[in-house]
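Going by my numbering, the first residue of the sequence shown is number 137, and it counts up by one from there.
We put the CB at the ideal spot given by N, CA and C, even for glycine.
Bear in mind the structure is a predicted one, so any value in this text is a computation, not a measurement.
Let me begin by presenting the structure, written as structure tokens, before commenting on it.
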Amino acid sequence: MRVSVVSWASHAAALSGIRRRVFIDEQHVPEALEWDGLDAHATHFLVYADALPVGCARLLADGHIGRMAVLADYRGQGAGRALLAAVLKHAREQALNWLYLNAQTHAAGFYARSGFQAVGAVFPDAGIPHLRMELVMEQHSNALNTQFGLPGKLQFVDAAPGVPVVEITTPHATARIAVQGAQVLEWQPTGQQPVLWVSRAATYQTGKGVRGGVPVCWPWFGAGAEGKPAHGFVRTRMWEVRETCQGAADTVFIRLGMKDDESTRALWDHAFNLELVVTVGAALKMELVTHNTGTVPFEITQGLHTYFRVGAIGDTQVSGLDNTAYLDKVLDFATATQHGAVTFTGETDRVYVNTTTDCVIEDGGFKRKIRVAKSGSTSTVVWNPWIEKEKGFADMAQGEYQEMLCVETVNAGNDRITVLPGAKHSLVAFIALD
Ligand code: TA6
């Protein structure tokens, strides 16, 4: 089987002919979904049996592989394998080292044999069950360093195959951020204990968030609707690195982003551009910016689900929430009011409402105070799983509940954000040692 790399301009007839027979005639995909306007901007691939074009595929500039189709009479003869091999070869040549696709579930094994890993749950697309699958090529960190590295200040390393992590070094602090999920993992001011907590049992693998750091919960906070992931779907997917730069006062910042695609629209049918901008220095600033790129308003709940490292939970309290009402998840979301500082003697899982105040984690064990300031939020979550709930987390080691505490900067409960078409919303968490 011979494969040619072609353009839509030169081979639209052959490409559309194959896709019409396979997707529209055979699989009844609606025309409007098939011709999505992206073809003119994509690289296309045609596989030939003798002189006849019998299969196609396309690759978008962001690494999205799609429209893989082989005519019925030519399946099982290696056409698909030849197409995928050509796409991967072209991607490497273009230094595209992170690829993703939305595979019809019956084809998941085919892609898995080329190293693609499933991310998230099965979702319907045009009424056909699909799985999002991602592949990080072995030299992904190298490519990211070439494009975004800042010598002596910012570099990418692989925490595990396919899990690139950015390491940031400044005179005031160091930090680590997983590109997958745009998850800040560490922030450690010079001479201090780490401020963020990551479980010793945490795993680093494609499609799975790390237990600890700052998971990004979006476009919903908390339990999802039936069959949808808790805390939204962005924390287990690869984000794209968009910008890195040295900022004022010896800070370094990185901007990561994600846009909607078929697999996100199958879970949440809206067009969006989501960005996380992290500024590392003597403080840690995380700004989660939601941009509604669609034509209708949408509503989100969200959170920067920050896990803090404390010396001993029993010797820790949180001030700043005095006289604040909260929903107590441990008591089936019963409402109560906080009196004085929050102390910890058991499982604690509370959504404090109508509050814009700073919280201060007063850590008697490490003899330090961590200030959590925020903007774009009127609710704060305080969570410690304690002994029993800890046992339910395979990625928490026994007894770790004693050294961690979540003070989360969120829009949760009735703190729901409506973003109008074209508008943006910014949620900021600003963390510093008092
Ligand atoms: O923010 C608190 C919480 O919603 C807890 O109820 C618990 O579910 C925690 O988040 C961890 O959730 P996760 O999905 O990361 O295991």
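- For the pair cysteine 353 and tyrosine 443, the CB atoms are not nearer than the 8 Å cut-off.
- Contact check for threonine 426 against histidine 561 passes: the beta carbons are separated by less than 8 Å.
- Taking a 10 Å sphere around the C-beta of aspartate 551, we find 16 or more other C-beta atoms and assign the residue as buried.
- For histidine 147, the enclosing alpha helix (DSSP H) starts and ends at 144 to 155.
- For histidine 177, the shortest C-beta to heavy atom distance toward the ligand TA6 is 7 Å or greater.
- Taking C-alpha positions only, aspartate 209 is separated from proline 287 by approximately 54 Å.
- Taking one beta carbon from each stretch, the stretch 489 to 500 and the stretch 528 to 540 have fewer than 3 pairs nearer than 8 Å; the two do not touch.
- Distance check between threonine 306 and each of Met540, Ala530, Asp386, Val517 places Asp386 closest, using alpha-carbon atoms only.
- With contacts defined by Cβ atoms closer than 8 Å, serine 515 and alanine 477 do not form a contacting pair.
- Between tryptophan 323 and methionine 540, the C-beta spacing is not below 8 Å.
- DSSP, read as helix, strand or coil, puts serine 455 in strand.
- For tryptophan 522, the enclosing alpha helix (DSSP H) covers residues 522 to 527.
- Taking C-beta separations shorter than 7 Å and ignoring five residues to either side along the sequence, the partners of histidine 276 in its chain run Asn233, Trp234, Pro300, following chain order.
- Excluding residues up to 5 positions away in sequence, Gly456, Arg507, Ala509 lie with their Cβ nearer than 6 Å to the Cβ of aspartate 494 in the same chain.
- Exclusion of the five residues before and after proline 557 leaves Asn428, Gly430, Thr431, Val432, Pro433 as the residues of its chain whose Cβ lies within less than 7 Å of its Cβ.
- In this structure, the CA atom of phenylalanine 408 is about 23 Å from the CA atom of leucine 271.
- For valine 517, the Cβ falls inside the 7 Å cut-off from some heavy atom of the ligand TA6.
- Distance from histidine 308 to proline 297 at the Cβ level is roughly 32 Å; contact not present, criterion being Cβ atoms closer than 8 Å.
- Going by DSSP, phenylalanine 246 is part of the alpha helix (DSSP H) stretching over 244 to 248.
- Not one heavy atom of the ligand TA6 sits closer than 7 Å to the Cβ of glycine 558.
- Annotation for aspartate 485 indicates a beta carbon within 7 Å of some heavy atom of the ligand TA6.
- Here DSSP, grouped into helix, strand and coil, assigns alanine 568 to strand.
- A contact between stretches requires three or more CB pairs, one per stretch, nearer than 8 Å, and the stretch 464 to 473 fails this requirement with the stretch 438 to 454.
- The beta carbons of leucine 151 and leucine 195 sit about 13 Å from each other, so the pair does not count as a contact at 8 Å.
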